[in-house]
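Student: Mind having a look at this structure? Questions to follow.
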Amino acid sequence: MIIRAATQQDIAALHRLIESAYRGDSAKRGWTHEADLLGGQRTDLEALREILADQNQVILLAMEGANLAGCVQLVRVKTGLAYLGLLTVDPDRQAGGLGKKLLDKSEQYVAENWRAEAIEMTVIRQRADLIAYYERRGYALTGERRPFPLDDPRYGLPKTQELEFAVLRKEIGAS
207 MIIRAATQQD IAALHRLIES AYRGDSAKRG WTHEADLLGG QRTDLEALRE ILADQNQVIL
267 LAMEGANLAG CVQLVRVKTG LAYLGLLTVD PDRQAGGLGK KLLDKSEQYV AENWRAEAIE
327 MTVIRQRADL IAYYERRGYA LTGERRPFPL DDPRYGLPKT QELEFAVLRK EIGAS
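Printed below as a string of structure tokens:
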């Protein structure tokens with residue numbers, strides 16, 4: 207398994223992976239999907255292009271040979287703080303430890319490259335199993351809630367109007 211930064215040439219494969227893991231029937235092969243809460247797309251090609259063009263963001267790819275097995279988005283928020291999003295593992299590879307490897311590599315990357323001392327993420331509050339997964343890896347609920355963009359189809363089509371994000375945070379220390 208090689209973990210490397212994504213390039214513009216990876217966008218199509220990256221988009222396929224993210225959509226397959228978060229939405230639709232293919233996502234239901236894994237346990238981390240949002241298909242019961244949201245329909246439509248999880249992201250689009252333009253959003254991925256914008257992420258990769260931004261010097262304060264990176265998407266790390268987990269490659270098994272030429273095959274994309276997982277990814278994670280990292281954002282430099284401000285001095286000392288990074289944001290983690292789009293943690294994605296191919297539904298057929300979930301529960302095999304790749305998500306943990308990507309989390310570990312993410313924490314190492316932001317500490318070494320951005321001198322981050324903490325990393326935050328948002329998880330849909332209704333996803334208790336996923337929140338518990340992150341808590342087992344040292345992330346703690348902050349008590350902060352953020353609104354879900356219910357009226358923005360770029361984030362998907364909500365199947366309930368009750369969606370909101372819970373904020374989790376982990377102190378990682380800079381190296």
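Going by the numbering used here, the sequence shown opens with residue 207, and the numbers climb by one from there. We put the CB at the ideal spot given by N, CA and C, even for glycine. For clarity, every value in this text was computed on a predicted model and none was experimentally measured.
1. Return the Cβ separation of residue 244 and residue 364 in integer angstroms, given the expectation that the two are a contact with Cβ distance under 8 Å.
2. Would you kindly check if the distance between the Cβ of residue 329 and the Cβ of residue 374 is under 9 Å?
3. Could you tell me if residue 362 is buried or exposed, where buried requires 16 or more neighbouring beta carbons within 10 angstroms of its beta carbon?
4. From residue 300 to residue 242, what does the alpha carbon distance come to, in whole angstroms?
5. Would you list the residues sitting across from residue 285 in a DSSP beta bridge?
6. According to DSSP, simplified to helix, strand and coil, what is residue 378?
7. Does the stretch 255-274 come close enough to the stretch 215-222 that 3 or more CB-CB pairs lie under 8 Å?
8. Hey, how far is the Cα of residue 381 from the Cα of residue 346?
9. Is the CB-CB distance between residue 317 and residue 376 below 9 Å?
10. If residue 293 and residue 274 are in contact, beta carbons under 8 Å, what's the gap, nearest whole angstrom?
11. Should residue 229 be labelled buried (16 or more other beta-carbon atoms within 10 Å of its own) or exposed?
12. For residue 219, which three-state DSSP category applies?
13. Note down, one range per segment and in chain order, each beta strand (DSSP E) of at least 3 residues found wholly within the stretch 237-276.
14. What residue range does the alpha helix (DSSP H) around residue 338 cover?
15. Can you tell me whether residue 240 is buried or exposed? The criterion is at least 16 other CB atoms within 10 Å of its CB, across all chains shown.
16. Could you tell me the boundaries of the beta strand (DSSP E) in which residue 326 lies?
17. Any idea if residue 249 is buried or exposed, counting beta-carbon neighbours within 10 angstroms, 16 or more meaning buried?
18. Going by beta carbon distance, what residues of the same chain come within less than 8 Å of residue 342, once the five residues before and after it are set aside?
19. Please say whether residue 282 and residue 322 have beta carbons closer to each other than 9 Å?
Tutor: Checking against the coordinates, here is how it stands:
1. 6 Å
2. yes
3. buried
4. 18 Å
5. Answer is none; residue 285 lacks a bridge partner.
6. coil
7. yes
8. Summary for residue 381: the model assigns pLDDT 48, below 50, so the residue's position carries little reliability, and this model does not support an answer.
9. no
10. Not quite, the Cβ-Cβ distance comes to about 14 Å (not below 8 Å), so this is no contact.
11. buried
12. helix
13. 263-270
14. 334-342
15. buried
16. 324-330
17. buried
18. none
19. yes
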